[in-house]
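Numbering of the sequence shown is given in our numbering, commencing with residue 390 and proceeding in unit increments. Here is the structure we will look at, set down as structure tokens.
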Amino acid sequence: MLAVISFLPVWLFAGDRIAAVVALTLVSICGWASAVGAIVPLAARRLGIDPAVASAPFITTLIDATGLIFYFLIARVFLF
């Protein structure tokens, strides 16, 4: 839903290719964040680390860094 909501204003003001980049990036990051958010606590518990303490900072950092990479990769495919 967030991708659809963000697609429309970007499409109106910046064009269809940039709107597609923004929408696909949002979908990719949300899916990636859901997967990482489910896997990291399970892996932490298996390694003997308290998932409540270790998961939040690691997941936040990982999703922020990879989200930027996703954005640039998708922009590279659509815009160049």
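From the three backbone atoms N, C-alpha and C, an ideal C-beta is built for every residue, glycine too. Given the structure is predicted, the values throughout are model-derived calculations rather than measurements.
Can you check which of these residues, the options, is closest to residue i by C-alpha distance?
i, options, result
"Gly456", "Leu415, Asp405, Val399", "Leu415"
"Ile452", "Val466, Ala422, Asp439", "Ala422"
"Ala464", "Ile448, Ser395, Ala424, Arg406", "Arg406"
"Thr450", "Val425, Pro398, Leu468", "Val425"
"Phe467", "Ser395, Val393, Gly404, Leu397", "Gly404"
"Ala433", "Cys419, Gly420, Ile448", "Ile448"
Which of the three DSSP states, helix, strand or coil, is assigned to residue i?
i, result
"Ile407", "helix"
"Asp439", "coil"
"Phe402", "helix"
Flag this pair as touching only if the stretch 455 to 467 and the stretch 398 to 412 have three or more C-beta atom pairs under 8 Å; answer yes or no. Output reads yes: the stretch 398 to 412 touches the stretch 455 to 467.
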